Amino acid sequence: MKAEYVNPFVESVKETFSSMLDCPVKVGKPMVTKDDENSQDIIGVIGLTGTSRGIVAIRLPVQTALNAIGRMVGMEFTEIDSSIIDGVGELINIVGGNAKAKFARQKISLSLPTVVRGNMYKLTNLTGTVFLTIPFSSDIGGFQILVSFKPGETQAYEKKEVAHAGANS
Amino acid sequence: MRVLIVDDSQIMRKIITGVLKKLDIEEIAEAVNGQEAVDIAAKDKKIDLIMMDWNMPTMTGIDAVKKIRADSNKVPIIMCTTEGEKEKVMEAIKAGANDYLVKPFNPKDIQAKLEKFLASFGK
């Protein structure tokens with residue numbers, strides 16, 4: 131998967147955490163996602179459909195999730211409850227929504243977010259692409275973004291136009 | 136002043152409620168989807184402002200705006216949403232929304248937008 135398809139999500143995470151949590155984040159090296167059968171992490175997932183398609187998820191260790199949602203609402207949480215689940219759903223909703231606005235000339239719609247905990251799930255990448263994991267670190271803990279994105283015909287068309295213009299110049 | 140917060144996320148309703156209380160706005164009603172907002176707006180004519188999310192189950196915020204305006208209800212509506220594209224803003228304004236606040240936002244952004252409305256109410 132090309133960086134141009136992943137960068138909008140990375141930028142969106144930076145903006146969302148900075149604006150809503152007052153929490154700057156550092157981006158780590160992307161890697162191909164591997165299943166973690168022992169995970170107890172909280173996962174928020176959202177789908178993107180339209181001229182491009184994708185799945186984006188945020189995977190937060192329990193303590194990072196408690197810190198993040200606590201920071202969002204100015205409260206202290208000590209256990210996973212409906213507020214944390216709801217907050218993680220809202221986080222991925224904002225990350226996905228903010229990212230989709232960064233894809234030029236694309237008409238993309240968001241699904242409603244889903245939140246799961248632990249290892250009773252399997253994220254399946256879209257046909258013809260892979261799931262990339264992008265790790266982040268911050269003062270509230272580490273977390274990951276998982277992205278599987280399939281660009282639509284509009285972007286392919288734009289590339290063709292650029293190549294054509296280059297050939298004539 | 137009475138404000139109706141419409142958002143399916145309890146965390147987002149909590150964040151907005153916190154800002155409203157800081158501004159001494161104590162009369163706050165909540166709805167978790169567009170249909171509830173339409174029903175409350177039809178019954179409660181004392182609402183001075185609606186803060187409306189876009190993507191919600193049962194009925195979206197944009198459909199709720201259209202229905203509220205179809206009832207000739209002129210209550211000010213601020214869209215508070217992740218839908219930040221220019222076309223979406225135009226769609227909301229065309230449907231009858233008065234203003235737009237794009238997520239991610241922080242409490243200061245919400246406060247600035249609300250103060251604009253409070254000023255128009257002379258408060």
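From first to last, the protein sequence lines are chains S and Z.
FYI, the numbering for the first sequence is 131 to 299, going by my numbering.
FYI, the numbering for the second sequence is 136 to 258, going by my numbering.
Ideal Cβ positions, reconstructed from N, Cα and C, are used throughout, including at glycine.
These figures come from a predicted structure and were not determined experimentally.
When you compare each of S:Met150, S:Lys156, S:Thr179, S:Thr254 to S:Gly272 by their alpha carbons, which one comes out closest?
S:Lys156
Mind checking which residues open and close the beta strand (DSSP E) that includes Z:Asp234?
234–237
Is the region 162–177 of chain Z close to the region 191–208 of chain Z, with three or more CB pairs under 8 Å?
yes
Counting contacts by CB-CB distance shorter than 8 Å, is S:Lys289 in contact with chain Z?
Because the pLDDT of S:Lys289 is 45, which lies under 50, any placement of that residue in the model is unreliable, and the number read from its coordinates should be weighed accordingly. By this cut-off, S:Lys289 is not an interface position.
In chain S, which residues lie with their C-beta within 7 Å of the C-beta of Z:Ile150?
Those within 7 Å of Z:Ile150 in chain S are Met202, Val203.
C-alpha gap between S:Ala297 and S:Gly258, whole angstroms
Confidence in S:Ala297 is poor, its pLDDT being 39 and thus under 50, which makes the residue's placement unreliable; the coordinate value appears in the next sentence. Roughly 29 Å separates the two Cα atoms.
Exposure label - S:Pro138; buried when at least 16 CB within 10 Å:
buried
Should S:Asp269 be flagged as near chain Z, meaning a C-beta pair shorter than 8 Å?
no
Cβ of Z:Met214 within 8 Å of Cβ of Z:Met187?
Yes, the pair counts as a contact, with Cβ atoms nearer than the cut-off.
Within chain Z, the residues that S:Ala231 reaches when beta carbons sit closer than 7 Å
Within chain Z, Gly219, Glu220 have C-beta atoms less than 7 Å from the C-beta of S:Ala231, given in sequence order.
CA-CA distance, Z:Asn168 and S:Arg201?
25 Å
So, is S:Asp216 buried or exposed, given that buried needs 16 or more other C-beta atoms within 10 angstroms?
buried
Boundaries (first-last residue) of the alpha helix (DSSP H) holding S:Ser142:
Element bounds for S:Ser142: 133–151.
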